[in-house]
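Novice: Here it is, the structure in full.
In this note's numbering, the protein residues as written are 146 to 377.
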């Protein structure tokens, strides 16, 4: 197995797990808030089959091809919901949308905590330089050699997913946040504007430009929390 293939499998495995958790959180929160659309599709589950069945290109084809073409993984997933329910209960729809990036933040925090515990127990060491796949290195031969990059990618990728999805532009989850504050009539008008196809395309492009310079600072901040006595 070549290093590139090993890296690709690692990133893809973490991507698959993280996006499934993200979409399952959407589906579960929608179910609890009164919409069982995603639940009927089997998406209140960590089973990858119903999620991949819904988005085979976004979860399998495009991520693999983008990695092979440029060494960077790109993809997407989605969970269905009832538009009528979302119009009737805009605040519930906003909570459903925000459950996805909240789950990514929880996964990132869990990875950071595990790295910190491993560092305290001399299982991991701080890397000499930081990168998305090297937020920790194994202190000794053994399983740490696998767990260090796995937890590093889990932390990095989930920070990226949370940050990207929280940008308040359509079609991203963060665009639903104003619905928590708007009165019903204003929420309906806002939602209608957010459904514009051109605005959604522009949102993806602008969000990418916004996130690119912020992510390295987030990783540096995460490292400063994990290793408070080390300065990068």
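Idealized CB from N, CA, C, for every residue including glycine.
Since residue 183 and residue 171 are thought to touch, with beta carbons under 8 Å apart, how far apart are those beta carbons, to the nearest angstrom?
Specialist: Mapped onto the chain shown, residue 183 falls at position 38. Mapped onto the chain shown, residue 171 falls at position 26. Correct: roughly 7 Å between the Cβ atoms.
Novice: Pop quiz: residue 364 and residue 325 are said to be a contact at Cβ under 8 Å. What is the actual Cβ separation, rounded to whole angstroms?
Specialist: Taking the chain shown and counting its residues from 1, one reaches residue 364 at position 219. Taking the chain shown and counting its residues from 1, one reaches residue 325 at position 180. Their Cβ separation, rounded to whole angstroms, is 29 Å, which puts residue 364 and residue 325 out of contact at 8 Å.
Novice: What residue range is occupied by the uninterrupted alpha helix (DSSP H) comprising residue 215?
Specialist: By 1-based counting over the chain shown, the position of residue 215 is 70. First-last of the alpha helix (DSSP H) with residue 215: 207-215.
Novice: What are the complete alpha helix (DSSP H) segments, minimum 4 residues, inside the region 184-269?
Specialist: The qualifying runs are 193-199, 207-215, 228-233 and 235-265.
Novice: Could you check the C-alpha separation between residue 273 and residue 279 for me, to the nearest Å?
Specialist: In the chain shown, residue 273 corresponds to position 128, counting from 1. In the chain shown, residue 279 corresponds to position 134, counting from 1. Residue 273 and residue 279: Cα-Cα distance of roughly 9 Å.
Novice: Less than 9 Å between the beta carbons of residue 306 and residue 249, yes or no?
Specialist: Taking the first residue of the chain shown as 1, we reach residue 306 at position 161. Taking the first residue of the chain shown as 1, we reach residue 249 at position 104. Yes, the pair counts as a contact, with Cβ atoms nearer than the cut-off.
Novice: Can you tell which of 319, 295, 284 and 333 has the C-alpha that lies nearest to the C-alpha of residue 345?
Specialist: Within the chain shown, the letter at position 200 stands for residue 345. Comparing Cα-Cα distances from residue 345 to each of 319, 295, 284 and 333, the minimum goes to 319.
Novice: How big is the Cα-Cα spacing for residue 226 and residue 300?
Specialist: To locate residue 226, count along the chain shown from 1; it is residue 81. To locate residue 300, count along the chain shown from 1; it is residue 155. Rounded to whole angstroms, residue 226 to residue 300 spans 28 Å at the Cα level.
Novice: Would you call the CB atoms of residue 329 and residue 235 closer than 9 Å?
Specialist: As a first step, residue 329 is located in the chain shown; it is residue number 184 there, counting from the start. As a first step, residue 235 is located in the chain shown; it is residue number 90 there, counting from the start. Contact: yes.
Novice: Consult DSSP for residue 279 and reduce its assignment to one of helix, strand or coil.
Specialist: Within the chain shown, residue 279 is the residue found at index 134, counting from 1. DSSP places residue 279 in strand when its eight states are reduced to three.
Novice: Short check: CB of residue 230 to CB of residue 242, under 9 Å?
Specialist: Locating residue 230 in the chain shown gives position 85, where the first residue counts as 1. Locating residue 242 in the chain shown gives position 97, where the first residue counts as 1. No.
Novice: For the candidate residues 366, 357, 149 and 354, whose alpha-carbon lies nearest to that of residue 275?
Specialist: Here residue 275 refers to the residue found at position 130 of the chain shown. Nearest of 366, 357, 149 and 354 to residue 275, Cα basis: 366.
Novice: Is the beta carbon of residue 283 sitting closer than 9 Å to the one on residue 312?
Specialist: Residue numbering aside, residue 283 sits at position 138 when the chain shown is read from its first letter. Residue numbering aside, residue 312 sits at position 167 when the chain shown is read from its first letter. No, the pair does not count as a contact, with Cβ atoms beyond the cut-off.
Novice: Over the uninterrupted alpha helix (DSSP H) stretch that includes residue 331, give me the two end residues.
Specialist: Reading the chain shown from its first residue, position 186 is the one you call residue 331. Looking at the DSSP string, the run of the alpha helix (DSSP H) that includes residue 331 is 329-339.
Novice: So what's residue 175 in DSSP terms, helix, strand or just coil?
Specialist: Locating residue 175 in the chain shown gives position 30, where the first residue counts as 1. Helix.
Novice: Put residue 147 into one of helix, strand or coil per three-state DSSP.
Specialist: Here residue 147 refers to the residue found at position 2 when the chain shown is read from its first residue. In this predicted model, residue 147 has a pLDDT of only 49, less than 50, meaning its place in the structure is not dependable; the value taken from the coordinates is given anyway. Looking at residue 147 - three-state DSSP - the assignment turns out to be coil, as it is neither helix nor strand.
Novice: With distances taken Cα to Cα, identify the nearest neighbour of residue 223 among 254, 189, 212 and 332.
Specialist: Here residue 223 is taken as the residue at index 78 of the chain shown, counted from 1. The candidate whose alpha carbon is nearest that of residue 223 is 189.
Novice: How many angstroms separate the CA atom of residue 314 from the CA atom of residue 265?
Specialist: The sequence position of residue 314 within the chain shown is 169, counting from 1. The sequence position of residue 265 within the chain shown is 120, counting from 1. Going from the Cα of residue 314 to the Cα of residue 265 covers about 40 Å.
Novice: Please classify residue 359: does DSSP put it in a helix, a strand, or coil?
Specialist: Position 214 of the chain shown holds residue 359. The answer is helix: DSSP assigns residue 359 an H, G or I state.
Novice: Please list the terminal residues of the continuous alpha helix (DSSP H) segment that includes residue 297.
Specialist: Position 152 of the chain shown holds residue 297. From DSSP, the alpha helix (DSSP H) with residue 297 extends over 289-311.
Novice: If I measure Cβ to Cβ from residue 164 and keep anything under 8 Å in the same chain, skipping five residues before and after, which residues do I get?
Specialist: To locate residue 164, count along the chain shown from 1; it is residue 19. The answer, listed in chain order, is 196, 204, 220, 221, 222 and 306.
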